[in-house]
Structures are given as C-alpha cells and as structure tokens.
Amino acid sequence: CDELGLRLLVVFGGTLQEGRAGRARDLDIGVSWRPDAERDVIRVMGALVDLLRFDGVDLMDLDCAGAVAREQALAYGLPLFEDRPGLFARLQMAAITERMDTAWLRRLSLERLAR
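Heads up, the working numbering is the position in the sequence shown plus 32, with the first residue counted as 1.
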C-alpha cells in the first residue's frame with residue numbers, strides 16, 4: 033500500500049454481509065491516497081488483481097466519491113490498511129458528518145427534479 037501511495041484501504045459492500053462471504057461476485061474496495069501520491073488507479077487495480085487472483089474488484093476512490101457513497105463505504109466497511117493509527121476512524125466520522133450536513137442539498141435537488 034505504501035508504494036502505491038495509499039493511506040487507507042477498506043473493504044465494504046456485499047462481501048461483508050453475513051452469509052455472503054465466499055459467494056460475492058465482486059469485491060468492493062475503497063482507497064484514500066496520501067496527499068503526495070500519484071493516484072494511479074490502474075496500478076492499484078492491477079496490484080489488487082495480482083494479489084487476490086480475482087478480477088472482480090470494484091475500486092472506489094474515497095477522496096473523489098460522493099458524500100453518500102463515501103459514508104456507506106466507511107461507516108460499514110472494514111479497514112485493511114491505514115498508514116497511521118486512527119485514520120480510519122477520523123475519515124469515518126468526517127464522512128458521516130458530511131453526509132448529514134449535505135442531506136438538505138440532496139433533498140432540494142430531488143424536489144427540483146420532481147417539478
């Protein structure tokens with residue numbers, strides 16, 4: 033993870049649901065990058081496929097994801113790597129707060145679409 037520029041790697045989604053382990057068709061992985069990282073998504077995907085010997089990896093860039101997607105990945109995900117203790121918890125709390133703080137914007141957008 034360090035040589036790929038990652039500061040966090042988290043698994044989330046159906047793979048973590050009770051009774052689905054081993055039966056999932058894909059593996060949802062979220063990554064967050066160090067500020068100085070190159071952000072080479074293709075290289076990270078290749079490394080994960082090589083390591084896991086499984087090409088059903090779905091990769092989410094947590095730094096670019098929308099508030100709801102980021103919150104879902106972090107609030108219900110399982111950290112596999114964090115480059116410093118407490119990073120996952122801090123990003124998790126920030127994602128939950130951002131989703132709550134921006135809920136009114138999503139409601140407003142839906143109301144305008146309904147017109």
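C-beta atoms are modelled at their ideal positions from N, C-alpha and C, and glycine is treated no differently.
Buried versus exposed, by CB contacts within 10 Å (16 or more), residue i
i      : result
Leu41  : buried
Gln49  : exposed
Met125 : exposed
Met132 : exposed
Gly62  : buried
Contact with chain B by residue i, beta-carbon distance below 7 Å
i      : result
Val100 : Structure shown: chain B not included; a single protein chain is present.
Spatial neighbours of residue i in its chain, beta-carbon cut-off 8 Å, leaving aside the 5 residues before and after
i      : result
Phe86  : Leu59
Ile128 : Glu103, Leu106, Ala107
Leu110 : Val42, Val43, Phe44, Leu48
Leu83  : none
Bounding residues of the alpha helix (DSSP H) (the contiguous stretch that carries residue i)
i      : result
Glu103 : 99-107
Thr134 : Where Thr134 is concerned, there is no enclosing alpha helix (DSSP H), given that its DSSP letter is neither H nor E.
Close beta carbons around residue i, own chain, < 6 Å, minus the five adjacent residues each side
i     : result
Arg71 : Trp65
Delimiting residues of the beta strand (DSSP E) encompassing residue i
i      : result
Glu114 : 110-114
Asp87  : Counting along the chain, Asp87 falls outside any beta strand (DSSP E), and DSSP gives it neither H nor E.
Own chain residues within Cβ distance below 7 Å of residue i, not counting five before or after
i      : result
Leu148 : The question about residue 148 has no answer, for the chain in this structure spans 33 to 147.
Phe113 : Cys33, Leu38, Leu40, Leu41
Gly119 : Going by the sequence as given, residue 119 is Leu instead of Gly. Contacts found: Arg39, Leu40.
Asp95  : Ser64, Trp65
Integer-rounded CB distance, given that residue j should sit under 8 Å from residue i
i      : j     : result
Val73  : Val81 : Their Cβ separation, rounded to whole angstroms, is 12 Å, which puts Val73 and Val81 out of contact at 8 Å.
Glu143 : Ala99 : Not confirmed; about 18 Å, so no contact.
*asked:* Report the start-end ranges of each beta strand (DSSP E) in the segment 42-80 that is 3 residues or longer and not cut off at the edges.
replied: 59-65
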